[in-house]
Amino acid sequence: MRVKYVLNEVLVGLWRNVTMTVAMIITMSVSLTMLGASVLMYMQVDQMKDFYYDKIEVSIFLAENADEGQKAAINQAIDSSPLVEKKTHETKEQAFERFKLLWKDSPDFVNAINAESLPESYRVQLKDPEKYGEFAKQIEGLPGIRQIIDQRTLLDKVFNIFNSIQLMSLVVAAVMAFAALLLVGNTIQVAAYSKRREVAVMKLVGASNWFIQAPFVLEAVVAGLIGAILGFVALFIGKVVLLDNKLQALTTILTPIPDGNVWLMLPLLAGVGALVSAVTAWVTLRFYLKV
Numbered sequence: 026m027r028v029k030y031v032l033n034e035v036l037v038g039l040w041r042n043v044t045m046t047v048a049m050i051i052t053m054s055v056s057l058t059m060l061g062a063s064v065l066m067y068m069q070v071d072q073m074k075d076f077y078y079d080k081i082e083v084s085i086f087l088a089e090n091a092d093e094g095q096k097a098a099i100n101q102a103i104d105s106s107p108l109v110e111k112k113t114h115e116t117k118e119q120a121f122e123r124f125k126l127l128w129k130d131s132p133d134f135v136n137a138i139n140a141e142s143l144p145e146s147y148r149v150q151l152k153d154p155e156k157y158g159e160f161a162k163q164i165e166g167l168p169g170i171r172q173i174i175d176q177r178t179l180l181d182k183v184f185n186i187f188n189s190i191q192l193m194s195l196v197v198a199a200v201m202a203f204a205a206l207l208l209v210g211n212t213i214q215v216a217a218y219s220k221r222r223e224v225a226v227m228k229l230v231g232a233s234n235w236f237i238q239a240p241f242v243l244e245a246v247v248a249g250l251i252g253a254i255l256g257f258v259a260l261f262i263g264k265v266v267l268l269d270n271k272l273q274a275l276t277t278i279l280t281p282i283p284d285g286n287v288w289l290m291l292p293l294l295a296g297v298g299a300l301v302s303a304v305t306a307w308v309t310l311r312f313y314l315k316v
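In the numbering used here, the protein residues as written are 26 to 316.
1) Give the range of the alpha helix (DSSP H) segment to which Lys96 is assigned.
2) Roughly how many whole angstroms lie between the Cα atoms of Asn90 and Arg148?
3) When you compare only the Cα positions, how much space is there between Thr305 and Pro292?
4) Would you list the one or two residues that DSSP bridges to Val83?
5) If you compare alpha carbons, which of Lys152, Ser63 and Lys117 is closest to Ser106?
6) For the alpha helix (DSSP H) that contains Lys112, what are its first and last residues?
7) Determine the burial state of Glu141: buried for a count of at least 16 other Cβ atoms within 10 Å of its Cβ, exposed for fewer.
8) Tell me where the alpha helix (DSSP H) around Leu291 begins and ends.
9) Identify whether Ile50 lies in helix, strand or coil by the three-state DSSP scheme.
10) Residues in the same chain with beta-carbon distance under 8 Å from Glu115, minus the five sequence neighbours each way, listed in chain order, please.
11) By the three-class DSSP mapping on this structure, what secondary structure does Ile138 have?
12) Alpha carbon to alpha carbon, how far is Met59 from Ile186? Give it in angstroms, no decimals.
13) How about Ala255 and Ser54: do their beta carbons lie closer than 8 Å?
14) What does DSSP give as the partner residues of Ile170 in its beta bridges?
15) Determine the direct distance from the alpha carbon of Ile103 to that of Glu155, and round the result to whole angstroms.
16) Compare the beta carbon distance of Tyr157 and Arg171 with 8 Å and say whether it is the shorter of the two.
17) Whole angstroms are fine: how far does the CA of Ala245 sit from the CA of Val209?
18) Following the continuous alpha helix (DSSP H) through Gly263, name the residue where it begins and the one where it ends.
19) With DSSP run on the structure shown, which of helix, strand or coil describes Ser194?
20) Determine, using beta carbons only, whether Met49 and Ala205 come nearer to each other than 8 Å.
21) Looking only at its own chain, which residues have a Cβ that is under 6 Å from the Cβ of Ala253, when we skip the five neighbours before and after it?
22) Closer than 8 Å by C-beta to Asn139: which residues in its own chain qualify, once you throw out the five before and the five after it? Chain order, please.
23) Output the boundary residues of the alpha helix (DSSP H) element that contains Glu159.
Have a look at this one:
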């Protein structure tokens, strides 16, 4: 009987303050969506680092006036280095073919370039990308080398951008979470005020604080759970519709987001939404309404 009464009071309370309840659910869903997106971004950046750092190459571009003797010395230095996993030699013609493939959507730009405009190079993959500095010291002084580029420095710039986006998402999520907390507290106060006579009667007949507070706390928990579900739906639709379809061109940079990672957000968002709502409602009732 008590459980039935509590559940009935929860439904009545949600409907009585339907406008504020809807606002609380929307705010909670937006903040949880941002939180879920931030967590997914964090997981994805780590996955991309693991994927790309294993494929990092050091590009050694040769000077235009490098003679055969200098090229042979550079080749020998690369082969003799214990830091090298493997190397690939790319001629000007091969570089031009790769250039045409990369810029196939800009035929005018491709037509303005020829094979002689591109440098001959070596693509070197190190056993440990962290030892690029040591490898560069071994060969950078050799004649015939025009430039040495470590792809890791370029990737670090990309990952710094992703990290900035991740941090921005967390900040927005924190702001929205604070707004949700205020709405939860305000909604609970309004609900408790509208039932102040019933609360006073229950106190007079000896009802426990838990029994009085339970309907209000459960109202907040239900709103938090609905917001979490809406946030998860938004994340899943964004992943399927936006990343998997509309942004396929970015798959050359972004690694696919596993569906398992997205499904992992459902219990996470539900737990956070329910816990935050319950704690906020309990604190509001205990320290502000003193029931």
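By construction, the Cβ of each residue, glycine as well, lies at the ideal position given by its N, Cα and C atoms. For clarity, every value in this text was computed on a predicted model and none was experimentally measured.
Looking at the coordinates:
1) Residue range Glu93 to Ser105 is occupied by the alpha helix (DSSP H) that includes Lys96.
2) Approximately 19 Å, taken between the alpha carbons.
3) Between the C-alpha atoms of Thr305 and Pro292 there is a straight-line separation of about 20 Å.
4) Per DSSP, the beta-bridge partners of Val83 are Val149 and Asp175.
5) The candidate whose alpha carbon is nearest that of Ser106 is Lys152.
6) Note, Lys112: premise wrong, no alpha helix (DSSP H); beta strand (DSSP E) at Val109 to Glu115.
7) It counts as exposed.
8) In this chain, the alpha helix (DSSP H) harbouring Leu291 covers Asp284 to Thr309.
9) Three-state result, Ile50: helix.
10) For Glu115, the CB contacts under 8 Å within the same chain, skipping 5 residues up- and downstream, are Arg123, Glu145, Ser146, Tyr147 and Arg148 in chain order.
11) Three-state result, Ile138: coil.
12) One C-alpha to the other measures close to 17 Å.
13) Looking at the sequence shown, residue 255 is not Ala but Leu. With a cutoff of 8 Å on beta-carbon distance, Leu255 and Ser54 are scored as near each other.
14) DSSP, once it has assigned bridges, lists Leu87 as partnering Ile170.
15) So the two alpha carbons sit approximately 17 Å from each other.
16) Going by C-beta atoms, Tyr157 is not nearer than 8 Å to Arg171.
17) Across the structure, Val209 and Ala245 are spaced so that their CA atoms are roughly 7 Å apart.
18) Premise fails: Gly263 is in no alpha helix (DSSP H) and is neither H nor E.
19) Residue state, collapsed to three classes: helix.
20) Taking C-beta atoms as the reference points, Met49 and Ala205 count as a pair closer than 8 Å.
21) Excluding sequence neighbours, Ala253 sits near Leu57, Leu294, Ala295 and Gly298.
22) Within the same chain, Asn139 has close Cβ partners Phe121.
23) Element bounds for Glu159: Tyr157 to Ile164.
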